[in-house]
Amino acid sequence: GEEMEAGVVLVDFGGSTSDFVLYHHGKLRLAGAVPFGGFNITTDIMKDCKLLEREAEDFKIKCGTANPYCIDGDKVLSMEGSRFNGPVEILKRNLALSINARMSEIQSFINREIYKYPDFHNIIGGIVVTGGASILEEFEEFIEEATAMTCIRVGPGKNLAQGYDRVIADPRFTTAIGLMMVGCDVEYPSCTRLLIKNEAKVTETKIDQYPEINKTENTLPENENAKGKWMDRLKGKIIKFVESEGDKDLL
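Note that our numbering has the sequence shown beginning at 426, numbered continuously upward.
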């Protein structure tokens with residue numbers, strides 16, 4: 426697309442890794458991965474805020490922000506936990522500090538690699554982010570400050586037929602939807618996609634559009650004696666093997 430020609434960086438913040446690629450002049454110029462992701466952020470929150478894993482994950486998804494410096498230091502977050510002593514409470518600023526520290530580390534690794542591209546100063550398409558961590562509040566602002574690039578957060582919603590976008594039009598599902606689209610192109614290149622951009626209705630695909638899917642092929646041999654011939658060939662090979670090896674126990 427135009428972004429790939431003009432130059433763009435794509436970062437997928439996943440659970441265990443954060444993957445990045447750089448395109449320029451329509452070609453892939455750089456690719457890499459950082460061995461940290463959303464799971465590491467959850468682990469940091471567990472340690473810093475003294476939470477169970479499920480509690481830390483819930484706080485991260487529902488209340489997490491990448492910018493701790495725009496938060497009132499006294500704002501308290503409360504959530505029903507799995508403990509017997511009532512709701513779990515933490516300071517939102519502490520939550521944000523844990524998230525920001527890990528995100529800054531991840532982004533610093535990515536910056537160090539993309540800055541190695543000799544023509545990086547001519548990348549004008551900005552940086553596109555997706556993946557689970559990108560749903561955090563203030564995330565785009567954090568990325569723009571960390572990279573000095575225009576940031577766009579994307580999900581798979583624009584490639585989904587109407588009726589599905591509210592369910593899975595989320596940056597966390599971008600990779601899964603992309604793999605489904607690639608698989609559709611590989612398996613049925615001449616068929617109409619079920620994932621269609623800007624369509625008002627789900628396109629119905631007739632069964633005869635799928636190659637050979639509505640045909641019952643006769644896999645039985647046309648020659649009625651084929652089975653007998655196959656057995657004769659097997660018998661011949663066994664006899665040949667025995668004759669060549671000999672019955673050594675009887676010698």
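Cβ atoms here follow ideal geometry from the backbone N, Cα and C, with glycine treated the same way.
(request) For chain B, find out if any of its Cβ atoms is closer than 8 Å to the Cβ of A456; answer yes or no. (result) Of the chains in the structure shown, none is chain B; there is only one protein chain.
(request) Look at the Cβ atom of L453, then the Cβ atom of E538, and state whether they are nearer than 8 Å. (result) Contact: no.
(message) Mapping the DSSP letters down to three states, classify F445 as helix, strand or coil.
(response) strand
(request) Can you grab the Cα-Cα spacing for the pair L477 / E514, in whole Å? (result) 12 Å
(request) Evaluate contact between the region 541-556 and the region 468-475, counting only Cβ atoms and requiring at least three cross-stretch pairs below 8 Å. (result) no
(message) Quick check: what's the CA-CA separation for E530 versus V446?
(response) 18 Å
(message) If I follow the unbroken alpha helix (DSSP H) through R518, where does it start and stop?
(response) Counting along the chain, the unbroken alpha helix (DSSP H) around R518 starts and ends at K517 to I539.
(request) Taking G557 and P493 to be in contact with their CB atoms under 8 Å, please state how far apart those CB atoms are, rounded to whole angstroms. (result) Going by Cβ atoms, the distance from G557 to P493 rounds to 19 Å, so no, they are not a contact pair.
(message) DSSP three-state label for T575, please.
(response) coil
(message) Mapping the DSSP letters down to three states, classify G556 as helix, strand or coil.
(response) Here G556 sits in strand by DSSP.
(request) Please go through the same chain and pick out, in chain order, the residues whose beta-carbon is closer than 7 Å to the beta-carbon of D483, but skip the five residues on each side of it. (result) M504
(message) Please classify K500 as buried or exposed, where buried requires at least 16 neighbouring CB atoms within 10 angstroms.
(response) exposed
(request) Indicate the three-state DSSP secondary structure (helix, strand or coil) for L604 in the structure shown. (result) helix
(request) Starting from T490, follow its DSSP beta bridges and name the residues at the other end. (result) E562
(request) Taking all protein chains shown into account, decide if H449 is buried (16 or more other Cβ within 10 angstroms of its Cβ) or exposed. (result) buried
(request) State yes or no: is the C-beta of N536 within less than 8 Å of the C-beta of A571? (result) yes
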